[in-house]
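Single-structure report; data block below.
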C-alpha cells in the first residue's frame with residue numbers, strides 16, 4: 824500500500840496477538856521494571872488486582888500488529904503519535920486486535936514523492952474493549968514515485 | 824517522590840543509555856521488523872543511511888530511563904502521552920539522556936489520595952540533539968495518603 828491506496832474513512836482490522844504473563848514480565852523486566860508489570864504477587868496488591876502490561880509494551884504490540892497492514896514498502900518515517908491513551912489494562916490471556924481508521928491524507932508540498940497520512944489506531948481486546956488508542960502521523964510514498972517519467 | 828514533591832518548573836536530567844546495533848536489531852526483530860531497523864545493508868539504502876532504532880524502541884528507552892527518577896513508589900498509572908515526536912534518528916553508538924520538566928500538577932477532584940502531573944519529556948543524544956519529545960500525564964499518590972488520619 825502506498826499513499827494513493829489509502830482510502831480515507833475506511834477501517835482496517837488486523838490481528839490477533841495473544842498476551843501471556845511471561846511476555847508481560849519479560850518485556851517489563853527489560854524496559855519498565857515496575858512490580859505491577861513484573862511481580863504477580865505484588866501486582867495483586869495494586870488497584871489492578873494482577874499483572875498488567877507496560878504501556879510501552881502495549882505500544883510495541885500495536886507496532887507489531889501494524890505490520891499486518893501492508894504499508895511497509897510505502898512507509899518513509901513515523902511523523903508522530905498524538906493522544907496516546909491507555910483505556911484499560913492489558914492482562915495475561917488477552918487477545919488483541921488492531922483497528923486502523925484512515926482519517927486524513929494530504930500530499931507533501933515540499934516533496935512530491937510522498938504524502939502525510941493521519942490514522943486513528945485502536946487496540947481492542949477479546950471483549951471488544953479498547954485498551955489503547957492514539958492518532959498516528961505517517962509519511963508514506965506515492966505510488967507514482969516508483970515510476971520514471973520519460 | 825510523591826505528588827507533593829513535584830516542583831513545577833524544574834527539570835530533572837537522568838542517564839545515560841547507550842544504544843548499540845545489536846540492541847536496535849533485536850528489539851526491531853521482535854516488535855518492528857522494518858529493514859531500516861533490522862538490516863544494516865538495507866538501511867544504508869534508505870534516506871537514513873544506516874540502522875535507526877524503532878520509534879517503539881525509542882519510547883522503551885525513555886520508559887527505562889524514567890525509572891532513574893525516583894517516582895516508582897508514587898506512580899499509580901500512566902494517564903497518556905501527547906505530541907510524541909521523533910525529531911532525529913537514534914543510531915548505533917548513541918548515548919541518550921532523559922530530561923523531565925514538570926509542567927503542571929493538580930489534585931484529583933474525585934480521589935483525594937492522588938494528583939495528576941504533566942511532564943515534558945525529552946530524550947537527548949550525546950550531541951545535545953533532542954531525538955524524542957512528548958508530554959506525559961501521570962497519576963501519582965499524595966504523600967499524605969500514606970498517613971492514617973486519627
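Protein chains in written order, with my numbering: chain A, 824 to 973; chain B, 824 to 973.
The beta-carbon is built from N, C-alpha and C at its ideal position, and this holds for glycine as well.
When you compare the CB of residue i with every CB in chain B, is at least one pair closer than 9 Å?
i                      : result
residue 883 of chain A : yes
residue 870 of chain A : yes
residue 878 of chain A : yes
residue 867 of chain A : no
residue 971 of chain A : Since pLDDT at residue 971 of chain A reaches only 42, below the 50 mark, its modelled position is unreliable, and the value read off the structure follows with that caveat. With 9 Å as the cut-off, residue 971 of chain A does not count as an interface residue toward chain B.
Report the rounded CA-to-CA distance for residue i versus residue j, giving the unit in angstroms.
i                      : j                      : result
residue 903 of chain A : residue 867 of chain A : 35 Å
residue 952 of chain B : residue 887 of chain B : 19 Å
residue 971 of chain B : residue 941 of chain B : Its pLDDT being 43, under 50, residue 971 of chain B is placed unreliably by the model, and the measurement read from it follows with that caveat. Straight-line Cα distance between these residues: approximately 27 Å.
residue 846 of chain B : residue 932 of chain B : 43 Å
residue 901 of chain A : residue 858 of chain A : 31 Å
residue 891 of chain A : residue 923 of chain A : 11 Å
residue 905 of chain A : residue 864 of chain B : 32 Å
residue 880 of chain A : residue 851 of chain A : 8 Å
residue 949 of chain A : residue 917 of chain A : 7 Å
residue 829 of chain A : residue 848 of chain A : 37 Å
residue 921 of chain B : residue 878 of chain A : 18 Å
residue 911 of chain B : residue 860 of chain B : 14 Å
residue 929 of chain B : residue 939 of chain B : 5 Å
residue 915 of chain B : residue 843 of chain A : 31 Å
residue 961 of chain B : residue 835 of chain A : 31 Å
residue 875 of chain A : residue 838 of chain A : 20 Å
residue 955 of chain B : residue 883 of chain B : 11 Å
residue 966 of chain A : residue 869 of chain A : 50 Å
residue 854 of chain B : residue 885 of chain A : 9 Å
residue 907 of chain B : residue 840 of chain A : 24 Å
residue 872 of chain A : residue 827 of chain A : 46 Å
residue 926 of chain A : residue 959 of chain A : 10 Å
residue 973 of chain A : residue 895 of chain A : The predicted position of residue 973 of chain A is uncertain, since its pLDDT is 38 and thus under 50; a value taken from the coordinates is nonetheless stated next. Cα to Cα, the separation comes out at about 27 Å.
residue 919 of chain A : residue 909 of chain A : 14 Å
residue 935 of chain A : residue 899 of chain A : 13 Å
residue 964 of chain B : residue 831 of chain B : 16 Å
residue 824 of chain A : residue 893 of chain A : 6 Å
residue 937 of chain A : residue 833 of chain B : 40 Å
residue 913 of chain B : residue 889 of chain A : 21 Å
residue 856 of chain A : residue 897 of chain B : 14 Å
residue 944 of chain B : residue 947 of chain A : 27 Å
residue 862 of chain B : residue 862 of chain A : 35 Å
residue 957 of chain B : residue 957 of chain A : 13 Å
Does residue i get closer than 9 Å to chain A when you measure Cβ to Cβ?
i                      : result
residue 926 of chain B : no
residue 914 of chain B : no
residue 887 of chain B : yes
Tell me which residue opens and which closes the alpha helix (DSSP H) that residue i is part of.
i                      : result
residue 861 of chain A : 858 to 861
residue 850 of chain A : 844 to 854
Which two residues bound the contiguous beta strand (DSSP E) that contains residue i?
i                      : result
residue 966 of chain B : Where residue 966 of chain B is concerned, there is no enclosing beta strand (DSSP E), given that its DSSP letter is neither H nor E.
residue 837 of chain B : 834 to 841
Just checking residue i against the ligand ZN - is the residue's beta carbon closer than 8 Å to any of the ligand's heavy atoms?
i                      : result
residue 947 of chain B : By its list of ligands, the structure shown contains no ligand whatsoever, and the ligand ZN lies outside what it can speak to.
Review point. Going along the region 932 to 965 of chain B in order, which residues come within less than 7 Å of chain A, judged by CB to CB distance?
Key: Within the region 932 to 965 of chain B, no residue qualifies.
**Study point:** alpha helix (DSSP H) segments (min. 4 residues) lying fully within the region 884 to 964 of chain A
**Key:** Those alpha helix (DSSP H) runs which fall completely within the region 884 to 964 of chain A and span 4+ residues do not exist here.
Point to revise | Residues within the region 892 to 910 of chain B neighbouring chain A, beta-carbon criterion of under 9 Å | key: Here the close residues are 895, 898, 899, 900, 901, 902, 903, 904, 905, 906, 907, 908, 909.
Exercise for review: Name, going along the chain, the residues of the region 833 to 863 of chain B whose beta-carbon falls closer than 7 Å to a beta-carbon of chain A.
Suggested key: Of all residues in the region 833 to 863 of chain B, 854, 855, 856, 857 have a Cβ within less than 7 Å of some Cβ in chain A.
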